[in-house]
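Here UniProt numbering is used: the first residue of the sequence shown is 1, the next is one more, and so on. All C-beta atoms in this analysis are idealised placements derived from N, C-alpha and C, irrespective of residue type, glycine included. What you are looking at is a predicted structure, and each value in this text was computed from that prediction instead of being measured. In what follows, a single structure is set out as structure tokens and then discussed.
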Amino acid sequence: MTLSRERRTGIYLVIASALMWSTAGLFVRMADMDVWSMVAWRSAFSFVTLGAFLIVQRRVGKPRLSTYGMPGVAASVVSAFAAITYIASLQWTTVATVMTVYATLPFIATGIAFLWLRDRVTYRFVAAGGAAFVGVAISVGAAVSARDVLGILCAFAMTTGCATQIVIARRFPEMDTTMMTAFAALACLCIALPLMHFEILIPQQLLACALYGVFTTGIGYILLLLGSRRVGSGEAGLLSMLDVVLGPVWVWLFYDEQISLPVLVGGAVVLAAVLWYLASDRTTAVAAGQSLSGLD
């Protein structure tokens with residue numbers, strides 16, 4: 001099978017974005033800060049990066065018919081909530097546990113779309129979703145403290161927020177998602193400023209926040225935005241699962257953060273369910289790609 005140049009580029013861009021997103025836990029561990037200070041500094045760097053991208057996009061790119069409006073406001077609020085709870089979850093429990101919960105994103109998004117947009121739900125979805133949540137239950141059973149439980153609850157809140165944001169963007173395809181993400185970062189900054197610790201950061205903390213804001217959030221989002229336009233949604237979802245796999249690996253390599261057996265087993269069950277579920281969309285995407293490649 002030969003891939004069209006456009007699809008191949010899209011695949012590389014989505015993989016690169018997943019690699020960048022997988023470093024979130026690593027930079028949170030590297031910064032070793034309170035939640036609100038981390039949110040504030042990360043959001044400041046993200047807002048500058050995405051704001052610069054918006055300016056360049058409007059000056060040198062083709063004009064796009066996009067709006068912001070109330071859907072953009074709602075999505076920004078949800079995105080800000082997801083970003084804050086994501087950092088909190090990484091602070092309060094292991095990265096592997098957070099990634100296990102986050103891997104259920106396709107199922108939660110599909111469930112929200114079913115309730116709101118009346119999207120069709122297949123038997124494959126029900127079976128894979130049930131298996132995934134069994135895997136999550138196995139991982140959650142490894143919680144050893146109240147702090148762990150709080151981190152898991154934040155991970156669920158974050159995943160639900162991300163899923164809601166995806167469904168809003170689908171319901172309002174004309175919404176400017178880049179502007180939405182930039183304003184979400186600004187909202188996080190405004191919320192965190194009164195609550196953060198005002199102290200001089202050591203170079204390692206400043207570097208971690210900059211890397212998280214610029215690369216993990218800013219450039220990672222831009223690469224996903226550019227790549228997802230070139231591949232099918234199922235294929236993009238499948239490639240993005242690299243984030244779930246690599247996230248725990250980075251903190252294990254650099255901070256020796258061990259993965260307990262229940263979390264490992266539960267994560268494997270969730271990942272297998274997601275891959276099986278997305279395989280049908282990927283088959284469709286590959287078939288479409290083969291059809292298009294004949295036109296190159």
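request  = Would you kindly work out how many angstroms separate the C-alpha atoms of glycine 141 and leucine 239, rounded to a whole number?
outcome  = 28 Å
request  = State the DSSP-derived secondary structure class of methionine 196, mapped to helix, strand or coil.
outcome  = coil
ask   = Between arginine 7 and glycine 213, what straight-line distance do the alpha-carbon atoms span, to the nearest angstrom?
value = 28 Å
query = Which term fits glutamine 91, buried or exposed, when burial requires 16 or more other beta carbons within 10 angstroms of its beta carbon?
reply = buried
Residue closest to cysteine 154, alpha-carbon to alpha-carbon, out of Val98, Ile11 and Leu201 = Val98
request  = At 4 residues or longer, and completely inside the UniProt domain "EamA" (9 to 139): list those alpha helix (DSSP H) runs for me, N to C.
outcome  = 24 to 31, 35 to 60, 69 to 92, 95 to 102 and 105 to 117
inquiry  = Quick check: the Cα distance between tyrosine 123 and methionine 70, rounded to an integer number of angstroms?
reply    = 34 Å
query = Near alanine 131, which residues of its chain fall below 7 Å by C-beta distance, leaving aside the five closest residues on each side in sequence?
reply = Val269 and Ala273
inquiry  = Once the 5 residues before and after leucine 242 are set aside, which same chain residues still bring their CB inside 8 Å of it?
reply    = Ile15, Ala18, Leu19 and Ser22
task = Report, in whole angstroms, the separation of the C-beta atoms of glycine 135 and glycine 267, which I expect to be a contact under 8 Å.
result = 7 Å
Phenylalanine 156, enclosing alpha helix (DSSP H) - first and last residue = 146 to 171
query = Where phenylalanine 114 and valine 126 are concerned, what is the direct C-alpha to C-alpha distance, given to the nearest angstrom?
reply = 12 Å
query = What residues are listed by DSSP as bridge partners for methionine 175?
reply = Thr67
Chain B contact for leucine 50 (CB, 7 Å cutoff) = Looking for chain B here will not work: only one protein chain is present.
task = Would you tell me roughly how many angstroms separate the C-alpha atoms of alanine 285 and tryptophan 276, rounded to the nearest one?
result = The predicted model places alanine 285 with a pLDDT of 41, which falls under 50 and marks its position as unreliable; any figure quoted below should be read in that light. Rounded to whole angstroms, alanine 285 to tryptophan 276 spans 15 Å at the Cα level.
query = At which residues does the alpha helix (DSSP H) containing leucine 201 begin and terminate?
reply = Where leucine 201 is concerned, there is no enclosing alpha helix (DSSP H), given that its DSSP letter is neither H nor E.
ask   = In this structure, does DSSP put glycine 141 in helix, strand or coil?
value = coil
Through-space distance from alanine 40 to valine 244, alpha-carbon basis = 25 Å
ask   = Just curious, the alpha helix (DSSP H) that tyrosine 221 is in, first and last residue?
value = 220 to 228
query = Taking the Cβ atom as the reference point for each residue, do threonine 177 and alanine 169 lie within a distance shorter than 7 Å?
reply = yes
request  = Please classify serine 260: does DSSP put it in a helix, a strand, or coil?
outcome  = coil
ask   = Just checking my contact of phenylalanine 47 with alanine 185 at CB under 8 Å: how many whole Å lie between their CB atoms?
value = 4 Å
query = Would you report the Cα separation of leucine 195 and arginine 120, rounded to the nearest angstrom?
reply = 43 Å
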